[in-house]
Amino acid sequence: MAEVAGGKVLPREIEDEMRESFIDYAMSVIVARALPDVRDGLKPVHRRILYAMQDMGMTPGRPFKKCARIVGEVLGKYHPHGDTAVYDTMVRMAQDFAQRYELIEGYGNFGSVDGDSPAAMRYTEARLARLSMELLRDLDKDTVDFGPNFDETLQEPLVLPSRYPNLLVNGSAGIAVGMATNIPPHNLAETIDATVRLIDDPELTSAQLMRTVKGPDFPTGGIIMGKAGITQAYETGRGSLVVRGKAHIEEAESTGRNRIIITELPYQVNKARLVKNIAELVQAKKLTEISDLRDESDRKGMRVVVELKRDAIPQVALNKLYKHTQLQSGFGIIMLALVDGMPRTLPLKDMLAHYIAHQRVVVIRRTKFELDKAEARAHILEGLLIALDNIDEVIATIKASADVETARNALMGKFSLSEKQAQAILDMRLQRLTALEHDKIEQEHAELVARIAELKAILADERKVYAIVKEEMLEIKKRHADARRTMISASAEEIEVEDLIAEEDMVVTITHHGYVKRLPVTTYRQQRRGGRGIAGLNLKEGDFVEHLFISSTHDYVLFFSNKGKVYRVKVYELPLGSRHSRGQAIVNVLPFEQGEKIASVLGTRSFSEDTYLMLATKLGIVKKTKANAYDSSRRDGIIALTLREDDELIGVKQTSGDDDVLLVSKGGQSIRFNEKDIRAMGRTAMGVKGIRLRKGDEVLGMEIALPDADLFVVTEGGYGKRTPLDQYPRQRRGGMGVRTIRTVEAKGALIGVKIVRDNHELLLISQEGIVIRTPAKDISQMSRNTQGVRVMNVKNDDRVSALARLVVGKKTGKAATPEEEIEQELEEEGTTQAST
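Position one of the sequence shown corresponds to residue 103 (the working numbering), numbered consecutively onward.
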């Protein structure tokens, strides 16, 4: 220790000093500033403001006083911190959008939900709100402990009696050192009812209490999405909520357009900032559905109007607002409060249990205070009655005494009175000697005796203590409770990407060369009204539309590749194109490997257990699998079936479970069997033999037999024929099948097979890019064991390379363009997939 001018210096390790000083600072912040007490739900600054205002007589019904005066009183007597901090706290206690139940009644500008600042404290005025009096009630009856203020010149309450569970009712938020609290507000009626239930049955769990306390009840209303976060918070003390503002869709009378009306916001969301954010998103082209935005809020309530464009889908626009703005926001619950001066995270039951214990102490201390007061008064009245019964002797004794002290001692000795009783007799006015006053004293004494017995009975029976707690809380509920403001939705309804995509029908086209695109069906509907037709696809030479169907943007498209993989894509994920564009190459849409190409395409809304997918490979292997086995969201695809190294997937068809399947080989063999011959297998299974092939032969195609249909086949040399399906007998799978066409070397192997009807047109393409279209009905029906007829005249060095099936246009009787196919589908209103 070293001596220095003015004091002593103690040598000390800086680590120890920093550690202890920081711990002291942290505990000071935790206990004295940032965290609420579990008993009254208040931080010291809130408690001091309320106590100072009561001490100033600023009760409900009394005139308002300037906030500057209140702030000065709080600073000067109890809270030696900045005036701005005290005033900001006062302001929040008076804001109806910040407090579920205001504790201070403000007069003047106390800010707004738009984030406007309150007026300066020299302008605003305040007084205590009616509900805050319930926090302070019985404070003068020794119900709580008092302690010295900062300069030890005054006493202040260390906690308030708090006759209702304010910590839950108004909540609390604060950031301490290394910890934080964020308790949401709740409905007064629900909270009191739950407290009463817990008093009646202390074994109740937090989950059981949730039948009464439904969840937080924010002053700004809104909708809590889902109950999982509430349950977690009430059972563990921590949880997370998703809160939505309340909005509805209405139609404007003047324009007929839809508009979104926002009437409530999530808790603590700034309305002006929200409106600005929406406007910025509109400018950034993220909210393209919005045409106008204005705030029509007034003293009657909130009303933010979001005008929508004529073609906008209102629910999609609203979902985008939820997704991209604070119209939907999160609220993290941390139920941290001080218990016996130490921070603790409390489940719902524990929080209410600590409050009930506090109320028990408050009622017992108040009862003892009232008992002591009643007994003291009864004691005085007993002395007065003795004096009145012996009034002449009392007067004579007093007259004979030399002074007051002598008179007091004489009365005490002669009538066996206490010093207080003797003094009360000496202080008694002569008017009380009348008979009427005697009767009043006797009546008051009798009432006090009964009251003393009642108070002693309360102290002797815990049940009566808790009965008083319940009775007084229920009386507060009767006077101050109101309806719940925040709705609670049973479903969390997490917003998916789909919720932001308008559900509309799309035309999906995939060309032979692997170009894919989608475009709205409305494109064709609008053109049908025009009557002059539309431009067709701008395809490369030799390319054609091989797959064409209508699906909703929310439907799935399954792309099966020759490598035995399947890729699942939502229609809205496909590139959006114009009528004349080719679209994008499939390799830019799906992660195809080198050498991988489309083998088949299917569109579906859902993956049902009642439907199957039939897969066929070029080596004659077939497999039947339930459609729901392919319900996978893996972007890089999943295995559709396991292939041999030299095998490839050549086709996939959706079946009902009782369809006939036809397999046709390049060598002209075919087999027809019922799919019941194949048991359903797992997704990665290899499958079973569907047709036995000769050496060098391979399966060309798979078709599903349809009633009143023919099987059309065509060779590389351009010879083809149409054969009725009834000429293909049903056989057992795994055989060689029957002859489909009698081939010769000059005519070449088969290159294409399709099921056709009279309303179909056949499109053939040669290796040199020559294209012809032939109506199916113009090709004669022939038996299986024939060579067929020439359907395409190819040069000696050319070969037919591809076959496609088109629908014949109803209006023209000629081969329908993709646009005409869509028109016919729209007219038929039945099928979702065109014949291609």
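Note that CB positions come from ideal geometry on N, CA and C, so glycine has one too.
query = Got a sec? Which residues, its chain only, sit under 6 Å from Pro-693 by beta carbon, not counting five neighbours each side?
reply = Taking the first residue of the sequence shown as 1, we reach residue 693 at position 591. Result list for Pro-693: Asp-738, in chain order.
query = Taking Cβ to Cβ, would you say Ala-604 is nearer than 8 Å to Ile-363?
reply = Within the sequence shown, residue 604 is the residue found at index 502, counting from 1. Within the sequence shown, residue 363 is the residue found at index 261, counting from 1. Taking the C-beta atoms as reference points, Ile-363 is found no nearer than 8 Å to Ala-604.
ask   = When the Cα atoms are used, what is the spatial distance from Gln-696 to Ser-663?
value = Here residue 696 refers to the residue found at position 594 when the sequence shown is read from its first residue. Here residue 663 refers to the residue found at position 561 when the sequence shown is read from its first residue. Cα to Cα, Gln-696 sits roughly 12 Å from Ser-663.
inquiry  = Quick check for students: name the residue ranges of the beta strand (DSSP E) that lie wholly in the region 661–693, counting only runs of 3 or more.
reply    = If you keep only unbroken beta strand (DSSP E) runs of at least 3 residues inside the region 661–693, you get 667–672.
ask   = How many angstroms separate the CA atom of Met-424 from the CA atom of Arg-346?
value = Here residue 424 is taken as the residue at index 322 of the sequence shown, counted from 1. Here residue 346 is taken as the residue at index 244 of the sequence shown, counted from 1. One point to set straight first is that residue 424 is Tyr, not Met, in the sequence displayed. Whole-angstrom Cα-Cα distance: 7 Å.
Residue closest to Gly-836, alpha-carbon to alpha-carbon, out of Val-246, Ala-349, Arg-774 = One-based indexing of the sequence shown puts residue 836 at position 734. The closest CA to that of Gly-836, considering only Val-246, Ala-349, Arg-774, is found on Arg-774.
task = Could you check the C-alpha separation between Asn-372 and Lys-378 for me, to the nearest Å?
result = If you number the sequence shown from 1, residue 372 lands on position 270. If you number the sequence shown from 1, residue 378 lands on position 276. Linking Asn-372 to Lys-378 through their CA atoms gives a straight-line distance of about 10 Å.
Close beta carbons around Arg-553, own chain, < 7 Å, minus the five adjacent residues each side = As a position in the sequence shown, residue 553 is number 451, starting the count at 1. Only Ala-476 meet the Cβ criterion.
query = When you compare only the Cα positions, how much space is there between Ala-47 and Arg-886?
reply = In the structure as shown, the chain starts at 103 and stops at 938, and residue 47 therefore has no counterpart that could be examined.
ask   = Start and end of the beta strand (DSSP E) containing Ser-431?
value = Stepping through the sequence shown from its first residue, residue 431 is reached at position 329. Note, Ser-431: beta strand (DSSP E), 430–436.
key: For Glu-577, three-class secondary structure by DSSP   = Here residue 577 refers to the residue found at position 475 of the sequence shown. In this structure, Glu-577 counts as helix in the three-state DSSP scheme.
ask   = Which residues in the same chain as Ser-710 place their Cβ atom closer than 8 Å to its Cβ, once the five residues preceding and following it in sequence are excluded?
value = By 1-based counting over the sequence shown, the position of residue 710 is 608. Here the set comprises Ala-729, Asn-730.
inquiry  = Based on DSSP bridge pairs, tell me the residues matched to Arg-462.
reply    = Counting from 1 along the sequence shown, the entry for residue 462 is found at position 360. Residue pairing for Arg-462: DSSP places it in no beta bridge.
request  = Take the Cβ of Lys-501 as the centre, count every other Cβ of all protein chains shown within 10 Å, and call the residue buried at 16 or more, exposed below.
outcome  = Counted from its first residue, the sequence shown places residue 501 at position 399. Around the beta carbon of Lys-501, fewer than 16 other beta carbons lie within 10 angstroms, which makes this residue exposed.
inquiry  = Using CA atoms only, rank isn't needed, just tell me which of Asp-645, Lys-516, Ile-497 is closest to Ala-531.
reply    = The residue labelled residue 531 in the question sits at position 429 within the sequence shown. Residue identity check: residue 531 is Arg in the sequence provided, not Ala. Nearest option by C-alpha distance: Ile-497.
Gly-184 - DSSP class collapsed to helix/strand/coil = For this step, residue 184 is matched to residue 82 along the sequence shown. For Gly-184, the secondary structure class from DSSP, reduced to helix, strand or coil, is coil.
key: Collapsed DSSP secondary structure at Thr-469 in the structure displayed   = Within the sequence shown, numbered from 1, the residue matching residue 469 stands at position 367. Of the three classes helix, strand and coil, the one that applies to Thr-469 here is helix, per DSSP.
ask   = Do Ser-342 and Gly-324 come within 8 Å of each other at the CB atom, strictly closer than that value?
value = Sequence index remark: in the sequence shown, residue 324 carries index 222 (1-based). Sequence index remark: in the sequence shown, residue 342 carries index 240 (1-based). Against a cut-off of 8 Å, the Cβ pair of Ser-342 and Gly-324 comes out as no contact.
query = Three-state secondary structure (DSSP) at Ile-415?
reply = For the purposes of this step, residue 415 is taken as residue 313 along the sequence shown, with counting starting at 1. Note: Ile-415 maps to coil in three-state DSSP.
request  = Starting from the Cα of Leu-144, find the closest Cα among Leu-205, Lys-348, Leu-905 and give me that residue.
outcome  = Within the sequence shown, the letter at position 42 stands for residue 144. Ranking the options by Cα distance to Leu-144, first place goes to Leu-205.
request  = Kindly indicate the opening and closing residues of the alpha helix (DSSP H) around Met-155.
outcome  = Residue 155 sits at position 53 when you count from the first residue of the sequence shown. Its alpha helix (DSSP H) spans residues 146–157.
key: Pick from Met-160, Asp-748, Leu-112, Tyr-189 that is closest to His-148, judged by C-alpha positions   = Counted from its first residue, the sequence shown places residue 148 at position 46. Relative to the Cα of His-148, the nearest Cα in the group Met-160, Asp-748, Leu-112, Tyr-189 belongs to Tyr-189.
ask   = Taking the alpha-carbon positions, what's the Ala-851 to Gly-679 distance?
value = Counting from 1 along the sequence shown, the entry for residue 851 is found at position 749. Counting from 1 along the sequence shown, the entry for residue 679 is found at position 577. Answer to the nearest angstrom: the Cα atoms are 37 Å apart.
message = Considering Cα atoms alone, identify which of Ala-170, Lys-422, Glu-207, Arg-844 is closest to Gln-889.
response = Here residue 889 corresponds to residue number 787 of the sequence shown, with the count starting at 1. It is Arg-844.
query = Can you give the Cα-Cα distance for Glu-352 and Pro-267, rounded to whole angstroms?
reply = For the purposes of this step, residue 352 is identified with residue 250 of the sequence shown, where counting begins at 1. For the purposes of this step, residue 267 is identified with residue 165 of the sequence shown, where counting begins at 1. Approximately 41 Å between the Cα atoms of the pair.
inquiry  = Considering only the alpha carbon of each residue, which of Asp-607, Thr-469, Gln-417 lies closest to Ala-555?
reply    = By one-based count along the sequence shown, residue 555 stands at place 453. It is Thr-469 whose Cα lies nearest to the Cα of Ala-555.
inquiry  = So the candidates are Val-408, Leu-450, Phe-433; which of them puts its Cα closest to the Cα of Lys-422?
reply    = As a first step, residue 422 must be located in the sequence shown, where it is residue number 320. For Lys-422, the nearest C-alpha among the options comes from Val-408.
message = I'd like to confirm the pairing. Which residues does DSSP put opposite Met-804 in its beta bridges?
response = Residue numbering aside, residue 804 sits at position 702 when the sequence shown is read from its first letter. Looking at the DSSP assignment, Met-804 forms a beta bridge with Leu-765.
inquiry  = Would Ala-419 and Ile-392 qualify as a contact pair, given that the criterion is a beta-carbon distance under 8 Å?
reply    = Position 317 of the sequence shown, counted from the first residue, corresponds to residue 419. Position 290 of the sequence shown, counted from the first residue, corresponds to residue 392. A contact, by the Cβ cut-off of 8 Å.
key: Residue environment, Phe-252, which counts as buried when at least 16 other CB atoms sit within 10 Å   = For the purposes of this step, residue 252 is taken as residue 150 along the sequence shown, with counting starting at 1. Under this definition Phe-252 is an exposed residue.
key: Buried versus exposed call for Leu-538 [16 or more other C-beta atoms within 10 Å across all chains shown]   = Along the sequence shown, read from residue 1 onward, the residue named residue 538 stands at position 436. By the neighbour-count rule (16 or more Cβ atoms within 10 Å), Leu-538 is not buried but exposed.
key: Nearest-angstrom Cβ-Cβ length linking Leu-410 and Arg-359, presumed shorter than 8 Å   = For the purposes of this step, residue 410 is taken as the residue at position 308 of the sequence shown. For the purposes of this step, residue 359 is taken as the residue at position 257 of the sequence shown. Indeed, because the Cβ distance is near 6 Å, the residues count as touching under 8 Å.
query = Hey, does Lys-422 have any beta-carbon neighbour from chain D nearer than 8 Å?
reply = The chain labelled as chain D is not found in the depicted structure, where only one protein chain is given.
ask   = To the nearest angstrom, how far is it from the Cα of Lys-791 to the Cα of Glu-606?
value = On the sequence shown, position 689 is the one that residue 791 refers to. On the sequence shown, position 504 is the one that residue 606 refers to. Spanning the two alpha carbons is a distance of roughly 41 Å.
ask   = Grouping DSSP H, G and I as helix and E and B as strand, with all else coil, what is Tyr-861?
value = Along the sequence shown, one-based indexing puts residue 861 at 759. It is Asn, not Tyr, that sits at residue 861 in the sequence shown. Coil at Asn-861, not helix or strand.
key: Other residues of its chain near Gly-339: CB distance less than 6 Å, five sequence neighbours each side excluded   = Residue 339 sits at position 237 when you count from the first residue of the sequence shown. The answer, listed in chain order, is Met-437, Thr-447, Leu-448, Pro-449.
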